[in-house]
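Note sheet for the following structure.
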Amino acid sequence: LVFDLEHAHAQRVQLVQAGERDFEVRIELADEAVAGLVFEEVIQSVKRVFRDNGLSDVTVRASQAPPELTASGKFHEVLPLRDSNSRS
228 LVFDLEHAHA QRVQLVQAGE RDFEVRIELA DEAVAGLVFE EVIQSVKRVF
278 RDNGLSDVTV RASQAPPELT ASGKFHEVLP LRDSNSRS
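Taking our numbering, the leading residue of the sequence shown gets 228, the next gets one more, and so forth.
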């Protein structure tokens, strides 16, 4: 699946898989941005990709957590579900 996680009023957008069908959106807003509107537009865009690919039973919600870097210090737009047996 290809997600367009760019938004004019966001410096960074990150989609994090929190469960098998549960995702959260983390956004670092631009200074003048209205959080509710930016989150809603990004969430609708993500839901549209899932729906267009036959995945209508997926939950996508806003997260108050900031986008995070991986253990290597890199930024990834999509963070997959972590296996509880894998090392971070």
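Ideal placement from N, C-alpha and C gives every residue a C-beta, glycine not left out. Note that the coordinates shown come from a computational prediction; the quantities given were computed from them, not determined experimentally.
| Asked | Found |
| --- | --- |
| For residue 298, count the other beta carbons within 10 Å of its own beta carbon; 16 or more makes it buried, fewer makes it exposed. Which is it? | exposed |
| Can you give me the Cβ contacts of residue 307 inside the same chain, cut-off strictly under 6 Å, excluding the 5 residues immediately before and after it? | 244 |
| What residues match up with residue 249 in a beta bridge as DSSP calls it? | 246 and 286 |
| State the Cα-Cα distance for the pair residue 249 and residue 230, rounded to the nearest angstrom. | 16 Å |
| Can you tell which of 260, 239 and 276 has the C-alpha that lies nearest to the C-alpha of residue 293? | 239 |
| Check each candidate in 295, 246, 271 and 236 and name the one with the smallest Cα separation from residue 256. | 236 |
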